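Protein chains in written order, with the numbering used here: chain X, 1 to 171; chain B, 172 to 342.
Cβ coordinates follow ideal geometry from the N, Cα and C atoms, glycine included.
Small disclaimer: the values here were computed from a predicted structure and weren't measured.
See below for the structure under consideration.
Structural data, given as structure tokens:
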């Protein structure tokens, strides 16, 4: 099969995307490390739990919501548990599942940290975009995410991070 | 200062962006791990070197081009060097700098791996977007990257990853 190389326009868009996503990840991680001693992923775990009924979620659902592997989630939750911000419980209704619960301490950290995090997201991203571009970004990213999750029937759902056992390589 | 929380539109765009970027990262890393035994960042190091004169770049310039810290780059290059894909040399013109050079082995791996990687980028992203959206994505990401790099004079350049010594936390 002949390789369908990227066009000049696609290459420019791809390089801009890779640069922006790495710089954004670095900015968010740095701000949250300084303010809360944790990277963005850990903050997202606390934020996701805070919005769930009973501030608790099954580990599988949490991994799906975060778009990461269960082993990566298990590693992160273990550290949050050690810091007293999250607690693990057996699921009452489903013996296979284990549940993560946000503790009061975790909720306090989240409430204290949220304003600075949101300010960083705003300053890094939304303050630089027009309302039209915010809509474009949502549409573009929704299409990409749906495609990669097989919502359009294209890719195999067994490949999705939260259905796999293997961990993400740490680079 | 009152927190400027995200609007409903901004929240939707933010969640879609975070989901798409995590899924894309996972897809690219997985494909490259399977085909070349390395994550996307390592592939990008080889690709960047292959395009430079003499297939070599100063470590500082390579870190800037990749938007990562020098310590993260040093770690990655050490592994690529161990695999014989990259070689480190002292910079002839500048005693402070060290240079990374793509070896013939590294070039072979890149040539063998590039078609599959480009196909994955295309299938994950460009095949799902209209030409208009490709242009929108470039413009949005260029604005974000320029802002975060201080190209608009807003943020302090000493904060940029490639000018720092501290490493990125591994989550």
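- From residue 173(B) to residue 115(X), what distance separates their C-alpha atoms? C-alpha separation (whole angstroms): 9 Å.
- Count the other C-beta atoms from every protein chain shown that fall within 10 angstroms of the C-beta of residue 82(X), then say buried if there are 16 or more, exposed otherwise. With a threshold of 16 other beta carbon atoms within 10 Å, residue 82(X) falls short and is exposed.
- Query: Below 8 Å between beta carbons: does that hold for residue 212(X) and residue 33(X)?
  - Reply: Outside the shown range of chain X (1 to 171) lies residue 212(X), about which nothing can therefore be said.
- Query: Taking Cβ positions, are residue 68(X) and residue 161(X) nearer each other than 8 Å?
  - Reply: Between residue 68(X) and residue 161(X), the gap from beta carbon to beta carbon is short of 8 Å.
- Item | Three-way DSSP call (helix, strand, coil) for residue 234(B) in this model | In the structure shown, residue 234(B) adopts helical secondary structure according to DSSP, grouped into three states.
- Grouping DSSP H, G and I as helix and E and B as strand, with all else coil, what is residue 4(X)? Coil at residue 4(X), not helix or strand.
- Does DSSP put residue 299(B) in a helix, in a strand, or in coil? It is helical.
- Query: Does the beta-carbon of residue 5(X) have 16 or more other beta-carbons within 10 angstroms, so that it is buried, or is it exposed?
  - Reply: That one is exposed.
- Hey, would you say residue 97(X) sits closer than 8 Å to residue 84(X), going by beta carbons? The Cβ atoms of residue 97(X) and residue 84(X) lie no closer than 8 Å to each other.
- Message: Between 335(B), 303(B), 214(B) and 314(B), which has its C-alpha nearest residue 247(B)'s C-alpha?
- Response: Of the candidates 335(B), 303(B), 214(B) and 314(B), the one whose C-alpha sits nearest the C-alpha of residue 247(B) is 214(B).
- Message: By DSSP's criteria, residue 385(B) is part of a beta bridge. Which residues make up the other side?
- Response: Residue 385(B) lies beyond the stretch modelled for chain B, which goes from 172 to 342, so this question has no answer here.
- Query: Excluding five sequence neighbours on each side, which residues of the same chain lie with their C-beta closer than 7 Å to the C-beta of residue 295(B)?
  - Reply: Sequence-distant Cβ neighbours of residue 295(B) in its own chain, meaning closer than 7 Å and more than five residues away, are 195 and 198.
- Message: For chain B, check one thing: does any of its Cβ atoms lie closer than 8 Å to the Cβ of residue 21(X)?
- Response: For residue 21(X), at least one C-beta of chain B is nearer than 8 Å to its own C-beta.
- Message: Within the continuous alpha helix (DSSP H) that includes residue 228(B), where are the two ends?
- Response: That residue, residue 228(B), is in no alpha helix (DSSP H); its beta strand (DSSP E) goes 227-229.
- Task: Mind checking the region 230-244 of chain B against chain X and listing, in chain order, the residues whose C-beta falls within less than 7 Å of any C-beta there?
- Result: Those would be 238 and 239, in chain order.
- Have a look at residue 258(B) and residue 20(X) and give me their C-alpha separation to the nearest angstrom. Their Cα atoms are separated by approximately 28 Å.
- Message: Looking at the secondary structure, which residues open and close the alpha helix (DSSP H) in which residue 92(X) lies?
- Response: Careful: residue 92(X) lies outside any alpha helix (DSSP H) and carries neither H nor E.
- On the premise that residue 228(B) lies in contact with residue 219(B), defined as a C-beta separation below 8 Å, what is that separation, rounded to the nearest angstrom? About 7 Å; that satisfies the 8 Å criterion.
- Query: CB residue 207(B) to CB residue 284(B), shorter than 8 Å?
  - Reply: Note that the C-beta distance between residue 207(B) and residue 284(B) is below 8 Å.
- Message: List, in chain order, every chain B residue whose beta-carbon is nearer than 7 Å to that of residue 81(X).
- Response: Within 7 Å of the CB of residue 81(X), no CB atom of chain B is found; the nearest one sits about 15 Å away.
- Task: Give a yes or no on whether the minimum CB-CB distance between residue 151(X) and chain B is below 8 Å.
- Result: Not a single CB atom of chain B sits nearer than 8 Å to the CB of residue 151(X).
- Roughly how many whole angstroms lie between the Cα atoms of residue 306(B) and residue 128(X)? C-alpha of residue 306(B) to C-alpha of residue 128(X): approximately 17 Å in a straight line.
- Report, in whole angstroms, the separation of the C-beta atoms of residue 110(X) and residue 50(X), which I expect to be a contact under 8 Å. With 8 Å as the limit, residue 110(X) and residue 50(X) qualify as a contact, their Cβ atoms being about 6 Å apart.
- Just how far apart, CA to CA, sit residue 249(B) and residue 242(B)? Annotation: residue 249(B) to residue 242(B) spans about 11 Å, alpha carbon to alpha carbon.
- Query: At which residues does the alpha helix (DSSP H) containing residue 247(B) begin and terminate?
  - Reply: According to the DSSP assignment, residue 247(B) belongs to the alpha helix (DSSP H) that extends over 241-253.
- Message: So for residue 271(B), helix, strand or coil by DSSP?
- Response: The three-state reading of DSSP puts residue 271(B) in strand, counting E and B together.
- In its own chain, which residues sit with a C-beta less than 8 Å from the C-beta of residue 137(X), not counting the 5 before and 5 after it? Sequence-distant partners of residue 137(X) (beyond 5 residues in either direction) whose C-beta falls short of 8 Å from its own C-beta, in its chain, are 129.
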